[in-house]
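Throughout the sequence shown, residue numbering follows this note's numbering, covering -18 to 395 in sequence.
Working notes, beginning with the structure itself.
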Amino acid sequence: MKKELNPSVFWGIMVIAGTVIGGGMFALPVELSGTWFFWGAFILIITCFFMIHSGLFLLEANLNYPVGSNFNTITKDLLGKKWNFINSFAVAFVLYILIYAYISANSAIFGETLSKKGDILIDHRIRGILITIFVAGILWFSSKLANRITSLFLSVKIIAFVIVFGSLFFQVEYSILADINNVSENDNSHFIYLFMAIPVCLASFGFHGNIASLIIFYGKKKRTLIISIVLGALFALGVYLFWLYCTMGNIPRDDFKAIIESGGNVDSLVNAFISGNSSRIIEFLLLLFSNLAVASSFFGVSLGLFDFLADMFKFDNSSIGRLKTVSLTFLPPLLLYLFFPNGFIYGIGAAGLCATIWTLITPSVIVIKSRAKFKNQQFTVWGGKVLPILVFIFALVVIFCWFGNTFEFIPKFK
């Protein structure tokens, strides 16, 4: 009898890391420019800690259910239909707002590439419509094709990332990284800008929707699942810290004010890199990486919302059924983009607000309910009742920071 091969934990780590690392990373240097590198690294580490443990809470609860039980099944059983509706609405809203953010980002970086390499100028609305039609057309034709294109983009993106930021790593200036030369009287304190960045940091660690898929892939092998979640999130954290080190060690802090003033979109950040680098090869690879990073995230999020809506509205897999799903997936965010084109940073921040519900609040409540219902659990996250309460409190802090940032009653770097 042939022995069944066990899937390697490597793939689980890559699923978590690949989900987390994407176009949203371009928002991090912009939103963390107030706190700068050291405080920025601190809040990223704190956010990663809470997001890992909220993910483990979901895993703990999920292991009490049959393999294949999804987030909705568990939420409905433990928290009831009303909370499940709120949770599902939050998931849909996050996916919609991210598609809007990625239409904005794709349009901006595509326009920057055309102007740099072909001296071609196309109106941002036309760019946004063309990019949306391209992604929607591929998704309508085949979800499998969309997955393959995303995988191809991911492979090329990794190569470009290693070459570009391997080069920029050796160009980091400590005086810029430590903000030694900042003489602005209003910006001497970095800590006061910590809170404005928390919602975007949270949106940068959203892997919770993949936990049910990991259980389907590995079964109830708790050690493999725990390693996948923890190391996948820590790998993403390492990439983010390296990314901040390269950006904040090459672009002076005061230069970010112009980036923020222009809307904080991807093209402004890339342009700041290019203006400080004379290498044509690095410029080309930076543009390539930027386009692929945002495009792969766009495909990934669009596919997630496409499947979510198809399941919710029970659209079939026929050409007409897929057309209905594609239309419902892309028309609302595209219309929003046409009226508010520079919404990348705002979109990522708003995603952080709604993601708080299903990545922090729901898991912290679910795990307490699960422990009360299932006395003989396969695995229990450390920390007793204290850790879920701390995760819940952190969620409230994120919500407060988002509203404080939006209505400007907390300090904002600009």
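Cβ atoms here follow ideal geometry from the backbone N, Cα and C, with glycine treated the same way.
Range covered by the alpha helix (DSSP H) that runs through threonine 0: -10 to 1
Three-state class that DSSP yields for valine 164 in the structure shown: With a pLDDT of 49 at valine 164, under the threshold of 50, the modelled position of this residue cannot be trusted; read the value that follows with caution. Note: valine 164 maps to coil in three-state DSSP.
When the distance is taken between beta carbons, is glycine 364 closer than 7 Å to leucine 183? no
Please go through the same chain and pick out, in chain order, the residues whose beta-carbon is closer than 8 Å to the beta-carbon of phenylalanine 172, but skip the five residues on each side of it. Thr16, Trp20
Where leucine 133 falls, given that 16 or more other Cβ within 10 Å makes a residue buried: exposed
Please list, in chain order, all residues of the same chain as lysine 238 whose beta carbon is under 7 Å from its beta carbon, the five residues on each side excluded. Lys395
Can you check whether the CB of alanine 71 is closer than 7 Å to the CB of isoleucine 55? no
So aspartate 288 is in the alpha helix (DSSP H); what residue range does that whole segment cover? 261 to 294
Cut-off 8 Å between Cβ atoms - residues of its own chain near leucine 284, not counting five sequence neighbours on either side: Leu120, Ser124, Ala127, Asn128, Thr131
Indicate the three-state DSSP secondary structure (helix, strand or coil) for threonine 16 in the structure shown. coil
How big is the Cα-Cα spacing for phenylalanine 38 and asparagine 386? 29 Å
Asparagine 87 to asparagine 357, Cα distance in whole Å? 49 Å
Proximity to glutamine 359 [Cα-Cα], best of Gly200, Tyr83, Ala141: Gly200
How many Å lie between phenylalanine 223 and isoleucine 157 at the Cα? 15 Å
Boundaries of the alpha helix (DSSP H) in which tyrosine 221 is found, first to last residue: 203 to 229
Simplified DSSP state of proline 233, which is helix, strand or coil: coil
Going by Cα to Cα distance, which pick from Ala217, Phe254, Val220, Leu215 is closest to arginine 234? Phe254
To the nearest angstrom, how far is the alpha carbon of cysteine 310 from that of tyrosine 155? According to the sequence shown, residue 310 is threonine rather than cysteine. If I take the Cα positions, the gap works out to 45 Å.
In this structure, how does DSSP classify isoleucine 46 when only helix, strand and coil are distinguished? Inspection of the sequence shows that residue 46 is occupied by tyrosine rather than by isoleucine. Reduced to three states, the DSSP call for tyrosine 46 is coil.
Just to confirm, are phenylalanine 294 and valine 1 a CB contact at a threshold of 7 Å? no
Apart from the five residues on each side of it in sequence, which residues of its chain come closer than 6 Å, Cβ to Cβ, to proline 344? Ser35, Phe38, Leu39
Do you know whose CA, among Ile391, Phe388, Ser194, Val346, lies nearest isoleucine 374's CA? Val346
State the CB to CB distance for the pair glycine -1 and phenylalanine 279, rounded to an integer number of angstroms; the pair is presumed to be in contact (CB under 8 Å). At roughly 14 Å, the Cβ-Cβ gap does not stay under 8 Å, so glycine -1 and phenylalanine 279 are not in contact.
Anyone know if the C-beta pair for leucine 218 and serine 209 falls short of 7 Å? no
In its own chain, which residues sit with a C-beta less than 6 Å from the C-beta of leucine 95, not counting the 5 before and 5 after it? Ile101
Minimum C-alpha distance to isoleucine 33 - residue among Val372, Met177, Asp58, Met(-5): Val372
Determine the DSSP secondary structure at histidine 34, reduced to helix, strand or coil. helix
Which value, in whole angstroms, describes the spacing of the CA atoms of alanine 336 and leucine 268? 29 Å
Reduced DSSP secondary structure (H/G/I, E/B, other) of aspartate 297: coil
Backbone secondary structure at valine 153 - three-state DSSP: coil
Thinking C-beta only, is leucine 212 closer than 7 Å to isoleucine -6? yes
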